Amino acid sequence: MVPEGQLPPGTTDAIGAVLGRIPSGLFIITWQEDGADRTMLTSWLMQAGFEPPAVSIAVGHGRRFLSLAAAGGFRFVVNQLGESQKSLLARFGKPAPDGEDPFAGMSIMRSACGAAILPDTVGWFECHSRPLVMSEKTAGDHVIVVADIHVAGSGLPETPLVHLRKSGLHY
Numbered sequence: 289m290v291p292e293g294q295l296p297p298g299t300t301d302a303i304g305a306v307l308g309r310i311p312s313g314l315f316i317i318t319w320q321e322d323g324a325d326r327t328m329l330t331s332w333l334m335q336a337g338f339e340p341p342a343v344s345i346a347v348g349h350g351r352r353f354l355s356l357a358a359a360g361g362f363r364f365v366v367n368q369l370g371e372s373q374k375s376l377l378a379r380f381g382k383p384a385p386d387g388e389d390p391f392a393g394m395s396i397m398r399s400a401c402g403a404a405i406l407p408d409t410v411g412w413f414e415c416h417s418r419p420l421v422m423s424e425k426t427a428g429d430h431v432i433v434v435a436d437i438h439v440a441g442s443g444l445p446e447t448p449l450v451h452l453r454k455s456g457l458h459y
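Using the numbering used here, the first residue of the sequence shown is number 289, and each one after it goes up by one.
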């Protein structure tokens with residue numbers, strides 16, 4: 289018998305394998321902060337409402353994006369990647385160091401909030417975050433940010449990039 293609150297031996301590996309098979313899209317979130325461009329690659333994003341149109345994003349504790357989005361009203365753009373954009377994963381897998389232009393050499397457009405709209409994506413949308421009540425939206429080592437979509441644009445008519453992991457217990 290396994291003590292309450294503990295998993296039987298081998299269960300963690302099974303959970304990781306199953307969670308890793310949950311498909312998710314890949315997105316590059318962009319925003320402006322003190323006149324500088326910022327980015328965050330994410331796969332834990334999903335539609336969260338019809339009226340108003342909304343998305344939810346699971347964001348790790350300590351991420352720069354989370355501290356900005358928590359108060360609500362934070363404006364940013366979500367760029368949805370297509371299958372032809374796998375090369376962007378390496379470029380945006382980690383935030384650019386302060387003072388470095390994450391879009392150097394790219395031809396970008398700007399949304400009304402000044403955030404970058406990346407070229408040749410499946411589509412993009414500009415969001416405004418809702419205020420967080422941390423205790424209500426904490427999911428273990430991540431926090432759920434909910435944001436309303438205010439404007440969107442379609443991109444290339446290609447298949448969205450889908451991400452699967454070997455284990456759903458780590459990136």
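Glycine included, C-beta positions come from ideal geometry on N, C-alpha and C. Owing to the predicted nature of the structure, the values given are computational and were not obtained by experimental measurement.
Euclidean distance between Cα positions of residue i and residue j
i, j, result
"Val306", "Val450", "16 Å"
"Asn238", "Thr330", "The structure shown has nothing for residue 238, since the chain only spans 289 to 459."
"Arg351", "Gly298", "31 Å"
"Thr300", "Ser395", "44 Å"
"Ala435", "Gly411", "17 Å"
"Ile345", "Val433", "5 Å"
"Leu452", "Glu292", "31 Å"
"Gly337", "Ala400", "23 Å"
"Gln335", "Phe413", "12 Å"
As assigned by DSSP and simplified to three states, the class of residue i
i, result
"Arg379", "helix"
"Glu292", "coil"
"Ser372", "helix"
"Ala392", "coil"
"Phe364", "strand"
Range of the contiguous alpha helix (DSSP H) that encloses residue i
i, result
"Gln337", "Rather than Gln, the amino acid found at residue 337 in this sequence is Gly. Premise fails: Gly337 lies in the beta strand (DSSP E), Leu333 to Gly337, not in any alpha helix (DSSP H)."
"Asp301", "Thr299 to Gly308"
"Arg352", "Arg352 to Ala357"
For residue j and residue i, believed in contact at Cβ under 8 Å, the rounded distance
i, j, result
"Gln373", "Thr409", "7 Å"
"Met377", "Leu333", "Looking at the sequence shown, residue 377 is not Met but Leu. With 8 Å as the limit, Leu377 and Leu333 do not qualify as a contact, their Cβ atoms being about 15 Å apart."
"Ile317", "Phe364", "6 Å"
"Gly402", "Gln320", "4 Å"
"Phe362", "His416", "7 Å"
"Leu457", "Gly304", "4 Å"
"Pro419", "Thr327", "Incorrect: roughly 23 Å between the Cβ atoms, too far for contact."
Boundaries of the beta strand (DSSP E) in which residue i is found, first to last residue
i, result
"Leu329", "Ala324 to Thr330"
"Ala384", "Careful: Ala384 lies outside any beta strand (DSSP E) and carries neither H nor E."
"Phe315", "Phe315 to Glu321"
Inset, instruction - Please list the segments of the beta strand (DSSP E) lying wholly inside the segment 397-458, counting only runs of 3 or more residues, in order along the chain. - result: The segment 397-458 contains these whole beta strand (DSSP E) runs: 411-417 and 430-442.
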